[in-house]
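Heads up, the sequence shown is in our numbering, so the first residue is 29 and it goes up one at a time.
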Amino acid sequence: MLATLLWTTVFSAQETDPVSGLIKAEGWEVVQSTCTECHAALLITQNAGNRSVWESRIRWMQETQGLRLLAPDEEQTILDYLAISYPQKAATRRAALPAQQMPSNPYEAED
Numbered sequence: 029m030l031a032t033l034l035w036t037t038v039f040s041a042q043e044t045d046p047v048s049g050l051i052k053a054e055g056w057e058v059v060q061s062t063c064t065e066c067h068a069a070l071l072i073t074q075n076a077g078n079r080s081v082w083e084s085r086i087r088w089m090q091e092t093q094g095l096r097l098l099a100p101d102e103e104q105t106i107l108d109y110l111a112i113s114y115p116q117k118a119a120t121r122r123a124a125l126p127a128q129q130m131p132s133n134p135y136e137a138e139d
C-alpha cells in the first residue's frame with residue numbers, strides 16, 4: 029500500500045509539457061520531436077511497457093508504418109525515456125463493474 033502511494037505521488041508530481049502532455053524527463057524533447065512526426069503524443073501517454081515492449085513497437089513502426097531507422101544514440105534516448113516515464117503497468121484494464129452497476133442485457137432470456 030505504501031509503495032503504491034509513493035509510486036503514485038512520484039509519478040503524479042512529475043511535470044508534463046502543456047502542449048504534448050509528455051512527462052518532462054531526460055529525453056522528452058527527443059521523443060516529442062521524433063515520435064510526433066507521425067502520430068500525436070497522446071498515443072505515447074496512453075501506452076505503457078518495459079524496454080522490450082517499447083522496442084518492439086518501434087520495430088513494428090519501422091517495418092509497417094515507414095518509420096525511419098533511428099541513430100543508435102537517438103533510439104537509446106527514446107527507449108530510456110519511454111521505459112522510465114511510461115513503464116509496464118501491473119494491470120491495464122479497469123476492474124470489473126459490480127453486478128448492480130451493470131446495464132440490463134436486452135438479449136437475456138426471461139425465465
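Using N, Cα and C, we set each Cβ at its ideal position, and we do this for glycine too.
Selection from R122, Q93, E103 that minimises the alpha carbon distance to H67: Q93
Strand pairing of T44, partner residues [DSSP]: I51
DSSP three-state assignment for Q74, whether helix, strand or coil: coil
At least three beta-carbon pairs within less than 8 Å, the segment 126 to 139 to the segment 99 to 118: no
Heavy atom of the ligand ZN within 8 Å of D101 beta-carbon: Only the bare structure without any ligand can be found here, which leaves the ligand ZN out of the picture.
The segment 52 to 63 in contact with the segment 94 to 106 per 3-pair CB rule at 8 Å: yes
Alpha carbon of E103 to alpha carbon of E57, nearest angstrom: 13 Å
Beta-carbon spacing of A111, N78 below 9 Å: yes
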